[in-house]
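Following: one structure in structure tokens, then a few remarks.
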Amino acid sequence: MSTEAQPSDRSARPARPPGLVRRVVHAFAPYRTRVLIVCGLIVVTATIGVVNPLLVRVVFDDALFADGGPNLSLLWTLVAIMTTLPLISAGLSLYQTYVTNTIGQRVMQDLRNNLYAHLQGMPLRFFTDTRTGEIQSRLSNDIGGVQAVVTDTLSNLLSNSVTLISVIVAMLALSWQLTVLSLGLLPIFAWLSKRVGHARRKVSKSTQKELADLSAMSEETLSVSGILLSKTFGRQQAEIERYSAASGRLAELQVRQTMIGTSFFSVIQAFFAITPVAVYALAGVLLADGGSGVLGGGDLTAGTIVAFTTLQARLFFPIARTLEVSVQLQSSLALFERVFEYLDLEQDIVDADEATELGQVEGRIHYDHVWFAYEGIPDDVDTPTEWALSDVDMTIEPGQLAALVGPSGAGKTTLTYLLPRLYDVDRGAVRLDGHDVRDVTLASLAQQIGIVTQETNLFHATIRENLVYGRPDATQEEIEEACRAASILDRIHELPDRFETVVGERGYRMSGGEKQRLAIARVIIADPRVLVLDEATSALDTVNERIVQQALERLMETRTTVAIAHRLSTILRADVIFVVDRGRIVERGTHDELLAAGGTYAGLYHEQFGGGEVEARCADGLLLRNGDVVRMGADD
Numbered sequence: 001m002s003t004e005a006q007p008s009d010r011s012a013r014p015a016r017p018p019g020l021v022r023r024v025v026h027a028f029a030p031y032r033t034r035v036l037i038v039c040g041l042i043v044v045t046a047t048i049g050v051v052n053p054l055l056v057r058v059v060f061d062d063a064l065f066a067d068g069g070p071n072l073s074l075l076w077t078l079v080a081i082m083t084t085l086p087l088i089s090a091g092l093s094l095y096q097t098y099v100t101n102t103i104g105q106r107v108m109q110d111l112r113n114n115l116y117a118h119l120q121g122m123p124l125r126f127f128t129d130t131r132t133g134e135i136q137s138r139l140s141n142d143i144g145g146v147q148a149v150v151t152d153t154l155s156n157l158l159s160n161s162v163t164l165i166s167v168i169v170a171m172l173a174l175s176w177q178l179t180v181l182s183l184g185l186l187p188i189f190a191w192l193s194k195r196v197g198h199a200r201r202k203v204s205k206s207t208q209k210e211l212a213d214l215s216a217m218s219e220e221t222l223s224v225s226g227i228l229l230s231k232t233f234g235r236q237q238a239e240i241e242r243y244s245a246a247s248g249r250l251a252e253l254q255v256r257q258t259m260i261g262t263s264f265f266s267v268i269q270a271f272f273a274i275t276p277v278a279v280y281a282l283a284g285v286l287l288a289d290g291g292s293g294v295l296g297g298g299d300l301t302a303g304t305i306v307a308f309t310t311l312q313a314r315l316f317f318p319i320a321r322t323l324e325v326s327v328q329l330q331s332s333l334a335l336f337e338r339v340f341e342y343l344d345l346e347q348d349i350v351d352a353d354e355a356t357e358l359g360q361v362e363g364r365i366h367y368d369h370v371w372f373a374y375e376g377i378p379d380d381v382d383t384p385t386e387w388a389l390s391d392v393d394m395t396i397e398p399g400q401l402a403a404l405v406g407p408s409g410a411g412k413t414t415l416t417y418l419l420p421r422l423y424d425v426d427r428g429a430v431r432l433d434g435h436d437v438r439d440v441t442l443a444s445l446a447q448q449i450g451i452v453t454q455e456t457n458l459f460h461a462t463i464r465e466n467l468v469y470g471r472p473d474a475t476q477e478e479i480e481e482a483c484r485a486a487s488i489l490d491r492i493h494e495l496p497d498r499f500e501t502v503v504g505e506r507g508y509r510m511s512g513g514e515k516q517r518l519a520i521a522r523v524i525i526a527d528p529r530v531l532v533l534d535e536a537t538s539a540l541d542t543v544n545e546r547i548v549q550q551a552l553e554r555l556m557e558t559r560t561t562v563a564i565a566h567r568l569s570t571i572l573r574a575d576v577i578f579v580v581d582r583g584r585i586v587e588r589g590t591h592d593e594l595l596a597a598g599g600t601y602a603g604l605y606h607e608q609f610g611g612g613e614v615e616a617r618c619a620d621g622l623l624l625r626n627g628d629v630v631r632m633g634a635d636d
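The sequence shown: position 77 = 77 (the UniProt record's numbering), numbered continuously.
Given below as structure tokens:
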């Protein structure tokens, strides 16, 4: 099982990103108008929030306990105002919540879309080095983890800050002495919250990594192939134990993440619960002093004290929430770091600045002294063992069938990967009709090249949706004609839902031969001029192999074909054979020419086929000759 991708010198490398907070803020730039509306609403609701506590003093001093008795006229007016303001504030808060969540979800959507689009443009080497579950975790768990930040946290931070400022101003207006008492320990709390935030950020990053590992483990072991593997090897219990151990580590980290700072916030809560008592004590001292002491305070009234403690109660929530949000923000920054880490990975196979559209081609392929290595190699290293391909120079003319033969690991598949730019050469060039493939757009190049591999990838969708993947506008007539050519149309018509049949994950509801024929039909519909066959029938039984081979023969007609060949019949039909060994072309020619030369190809031929026809008669009356199926006639 691969671990998380570690970029090498040549592969995707994360650049040093700009300020993390600045990048998060920049994500809101497209919605600046709505952000300004939210800011305005926050200011209005925060201002409204301090009006009622200030009116409490008027209620006590001028309405309820006025000289000469209660002033009912003023009291009813104040009651009406104090009843209306919370209703207005609630309405504005509701609208603010709607706008805030709309902005947050749009930012989340942009972040998901940008990350997915960026991953689509990553080179093949990134996906071969990175577990699928790790990638999925970045898209779902990490982005999902920052959702609270972009939808709630930032707006809460602003709202609490405005509320905090307005409450402090109002408290100062009532009594600066009581305000100093209430806010005396705030700088210490702010410093502690910063320390707690840093600690939670570290734990949060570890938590997300463990969550990614768990997602990768689930993806690997709960896929169809993973389940088959564990069942056939009797490893279910071992996988359960491995998953349980990882799940336990994740649970411990999540408990730590939750508990870090809990005691800190408990202290804050206790402090603000006790503060009103201290206010009463200080107010008593000031009143007893009669205002003649150093602290003054002779203007305190019962209404002032009640209004102040009301404001003080409102002060606790924004201070506690601001400190808590700052801690949560530190945790969320760890998730943003993981998301931006992928967004900063370099896409090294992209369209050149002056890339041109590749029109219809004849199909002439030229590997022009190509060198390629999967890992970075210094420019002065020419040792063949350091390279996957070394000074490969070969030409395939339009309409030819070129067979690539050679031992496993010789570089045959690597050669086919360079043509559609799944990888880029390090030296030399791959040319299609004289065009360096790096000088044309990737989209137009893909339209001219079709690939059929040994492992067919079908989506969990209908047969029709899989067939038209490369050409969504294909007509029903074109689809059926392609399926007829691929020898799969009759089988589709036997299915209850025909073309609307869902093939299952990776096509597991279809047999191996049926999946290959669907893949061939998909390529026929796309109608490429160049065809790459990467051992497209090697995993099939003999009967299915022959059926698929017939479909491939129809597909290869009038097309330039590069085939990694393992069957003698394919090799015998080839117009030119290239023998690959240790990343080099060691021989080239036709079958007869290479046999006569008595070199590497002749050795491979005699080793695999014994130098002549290999026949075997099956129980069902079929004759196998050199891997081909020949049905016996009546005379036999």
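Where a beta carbon is used, it is the ideal one built from N, C-alpha and C, also for glycine.
Local conformation of residue 671 per DSSP, three classes: What is shown of the chain runs 1 to 636, which leaves residue 671 out entirely.
Beta-carbon separation (whole angstroms), P420 vs I396, contact threshold 8 Å: The pair is not a contact, with the Cβ atoms about 15 Å apart (cut-off 8 Å).
Cβ neighbours of I525 in the same chain (closer than 8 Å, five flanking residues each side left out): L467, V468, G470, R471, A474, E478, I479 and A482
Reduced DSSP secondary structure (H/G/I, E/B, other) of H460: coil
According to DSSP, residues forming a beta bridge with A563: A403 and L533
Test item: CB-CB of R256 and V203 under 8 Å: yes
Where F127 sits in the DSSP three-state scheme: helix
Endpoints, alpha helix (DSSP H) assigned at L72: L72 to Q120
Pairwise C-alpha distance: R106 and R364: 47 Å
Classification of G19 by the beta-carbon crowding that lies within 10 angstroms, buried from 16 upward: exposed
Inter-residue Cα distance where the pair is V630 and V405: Confidence at V630 is low in this model, with a pLDDT of 41, below 50, so its placement is unreliable and the value that follows should be read with caution. Cα to Cα, the separation comes out at about 25 Å.
Stretch pair the region 435-442 + the region 494-506: three plus CB contacts closer than 8 Å: no
Host beta strand (DSSP E) of A429 (start-end): R427 to L432
Per-residue DSSP class, three states only, for V38: helix
Helix, strand or coil at E134 according to DSSP, with G and I counted as helix: helix
DSSP-derived helix/strand/coil call for V392: strand
Cβ contact check for the region 18-32 and the region 334-347: 3 or more pairs under 8 Å: yes
Y116, buried or exposed, once every other Cβ within 10 Å from all chains shown has been counted against 16: exposed
Option in A429, D592, T102 and H460 with minimal Cα separation from E505: H460
Distance between L139 and I37 (C-alpha atoms, nearest Å): 30 Å
Backbone secondary structure at S292 - three-state DSSP: Confidence at S292 is low in this model, with a pLDDT of 46, below 50, so its placement is unreliable and no value can be given for it.
C-alpha distance - L111 paired with L333, whole-angstrom precision: 14 Å
Assumed close pair L174, F308 - CB separation to whole angstroms, cut-off 8 Å: 5 Å
Cα-Cα separation, L389 to D424: 12 Å
Coil, strand or helix - A619 by DSSP: Residue confidence for A619 is low, a pLDDT of 35 falling below 50, so the modelled location carries little weight; the figure read from the coordinates is stated next. Reduced to three states, the DSSP call for A619 is coil.
Classification of V180 by the beta-carbon crowding that lies within 10 angstroms, buried from 16 upward: exposed
Assigned exposure category for Y280 - 16 Cβ within 10 Å defines buried: exposed
Same chain, Cβ closer than 8 Å to V99, neighbours up to 5 away in sequence not counted: R34, I37, V38 and L41
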